[in-house]
Every structure is written in C-alpha cells, then in structure tokens.
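> Structure provided below as structure tokens; questions to follow.
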Amino acid sequence: MPVPCPGAEGGGVVAPAGLFSREAPLVLDLGCGNGLFLAGLAEGEPGWNVLGIEKKEYRVRQARRRAGDLGNARVLHGEVLEVLSSLPPCSVWRVYLLFSDPWPKRRHAVRRLVQEKFVALLSSRLEAGGTFFFATDSGDYLGWTREILVRSGWRIKDWSVPVSWPMTEFEQRFASAGLNIWRLQASR
Ligand SMILES: C[S@@+](CC[C@H](N)C(=O)[O-])C[C@H]1O[C@@H](n2cnc3c(N)ncnc32)[C@H](O)[C@@H]1O
14 MPVPCPGAEG GGVVAPAGLF SREAPLVLDL GCGNGLFLAG LAEGEPGWNV
64 LGIEKKEYRV RQARRRAGDL GNARVLHGEV LEVLSSLPPC SVWRVYLLFS
114 DPWPKRRHAV RRLVQEKFVA LLSSRLEAGG TFFFATDSGD YLGWTREILV
164 RSGWRIKDWS VPVSWPMTEF EQRFASAGLN IWRLQASR
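For the working numbering, add 13 to where a residue sits in the sequence shown, where the first one is 1.
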C-alpha cells in the first residue's frame with residue numbers, strides 16, 4: 014500500500030539534484046519528442062519546472078535545442094519508467110503523456126506505456142492533488158487508459174485545453190489530417 018503524500022497543491026519542489034536552479038512545481042512531459050510542447054509550456058508557465066523525458070537521442074537533441082535558454086525547461090535522455098522510478102515519491106505536480114505510441118494491434122497492446130505498473134509508479138510519484146494528463150488520436154488507447162486508471166482508483170475528468178495551449182508535433186500532424194483527438198485528466 015503506497016504511503017499517502019502530505020497535502021500540497023503545486024508545492025512540489027523536489028527535482029533530480031542539480032537539474033533546475035530553483036525550487037518550483039515539477040511538471041513532466043513523458044516521451045517529449047522534439048520538445049515543441051515542452052518549450053511552449055515552459056515559456057507559458059515560468060513558475061513551473063518542466064522536465065521532458067525522451068529515449069531517442071536525436072529527439073533529445075531537438076528538444077534541448079528548442080528549450081534553448083529557458084531556465085525552467087530540461088530534457089533527460091532515458092526511459093520513462095527508469096526516470097520516473099528515480100524521482101522521489103510525492104515530488105511531481107503534473108504529468109503529461111501526449112500522443113504516446115498507441116500500438117493499435119491488440120496483440121501489441123502490451124507495448125503501450127500505460128499499464129498497471131506504470132499507473133502504480135505514477136501514483137507514487139505524484140504529490141497530493143497532482144494530475145495526470147493524457148491525449149491520443151486512438152479511441153482504443155483512451156479507453157484502455159481510462160479502464161486501468163479507474164481500476165486503480167483514480168478519478169477521471171475530461172480535459173479541454175485552452176485556446177492558447179501549445180500543440181505537440183504529433184498533435185499538429187493529427188489535427189491537420191482532421192483526426193479526432195481524445196483527452197482525459199486523472200487524479201488519485
Ligand atoms: C509518438 S511520439 C510523440 C512525441 C510527442 N509527445 C508529441 O506528441 O509530438 C512518442 C515519443 O515517445 C518516445 N518514447 C516512447 N516510449 C518511451 C519510453 N519508454 N521512454 C522514453 N521515451 C519514449 C518516443 O521516442 C517518441 O519520441
């Protein structure tokens with residue numbers, strides 16, 4: 014049974030040692046790709062520390078270039094599960110998982126990032142009042158994610174983004190192809 018986090022909204026201050034130069038709520042962009050969203054978010058929310066995690070080296074280079082001089086954006090090269098595990102419990106305020114590979118064939122669904130194990134880890138890393146945001150072009154992946162979250166005792170809400178919200182690279186592609194985009198937000 015995970016130990017509940019002490020109540021604090023956006024008070025999360027713990028980040029991997031030395032990553033950020035100041036203490037601020039820690040926000041993660043999992044599989045941040047080329048960093049378009051990460052950089053836009055960090056620029057629009059200067060009071061947050063935004064950390065991207067990305068396994069592909071060339072994507073990490075692109076994202077770091079985009080984050081440029083932003084003092085509140087960093088990109089780590091690594092696997093989401095490993096980096097999440099290395100963060101202290103109750104240290105993250107918001108987590109974005111945007112257009113994660115949907116692995117549409119049923120027999121490949123075990124490769125999706127969202128699994129029971131991932132949700133349990135997320136649960137232990139989010140602080141009290143912390144939120145998980147998920148967007149996808151796959152209705153099936155949305156249903157899959159919702160089911161796992163509900164089974165794990167999370168509360169689900171629709172997530173509608175403000176007009177000025179930064180788009181990710183994949184969101185831009187899907188939107189210009191006229192595809193439906195599905196979103197949810199969840200908290201424990
Ligand atoms: C479909 S792309 C979406 C990128 C970006 N979020 C967007 O919406 O434009 C998925 C990204 O997640 C990264 N990724 C997938 N699994 C990962 C994992 N386990 N750890 C770190 N990065 C991962 C991929 O390398 C890729 O850049």
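For each residue, glycine too, the CB sits at the ideal point set by N, CA and C.
Since the model is a prediction, treat every value here as computed from it, not as a measurement.
#1: Which ranges would you report for the beta strand (DSSP E) in the region 22 to 85 if only whole runs of at least 3 residues count?
#2: Identify the residues that DSSP records as bridge partners of R164: which are they?
#3: Taking 8 Å as the limit between beta carbons, can you name the residues of its chain near V174, skipping five residues before and five after?
#4: Using 8 Å as the cut-off, classify the Cβ of C103 as near or not near the heavy atoms of ligand 1, replying yes or no.
#5: Below 9 Å between beta carbons: does that hold for V105 and V40?
#6: So what's L126 in DSSP terms, helix, strand or just coil?
#7: Using the DSSP secondary-structure output, state which residues sit across from I169 in a beta bridge.
#8: So is S34 in contact with chain C if we call contact Cβ pairs under 9 Å?
#9: Are there any heavy atoms of ligand 1 lying less than 8 Å away from the beta-carbon of V40, as far as the coordinates show?
#10: Under DSSP, the beta strand (DSSP E) around F147 begins and ends at which residues?
#11: Using 10 angstroms around the beta-carbon of G48, count the other beta-carbons present and answer buried if the total reaches 16, otherwise exposed.
#12: Would you give the residue range spanned by the alpha helix (DSSP H) that V96 belongs to?
#13: Counting along the chain, where does the alpha helix (DSSP H) carrying R186 start and finish?
#14: Measuring only the C-alpha atoms, how far is E92 from L43?
#15: Cβ atoms of W172 and A122: under 9 Å apart, would you say?
#16: When the Cβ atoms of the region 55 to 67 are set against those of the region 81 to 91, are three or more pairs found closer than 8 Å?
With the given structure in hand:
#1: List check, beta strand (DSSP E) in window: 39 to 43, 62 to 67.
#2: DSSP, once it has assigned bridges, lists no residue as partnering R164.
#3: Contacts found: R196.
#4: no
#5: yes
#6: coil
#7: A199
#8: The chain inventory of the structure shown lacks chain C, comprising one protein chain alone.
#9: No.
#10: 139 to 149
#11: buried
#12: 93 to 99
#13: 182 to 189
#14: Roughly 9 Å separates the two Cα atoms.
#15: Annotated as distal: A122 and W172, with beta-carbon spacing of 9 Å or more.
#16: yes
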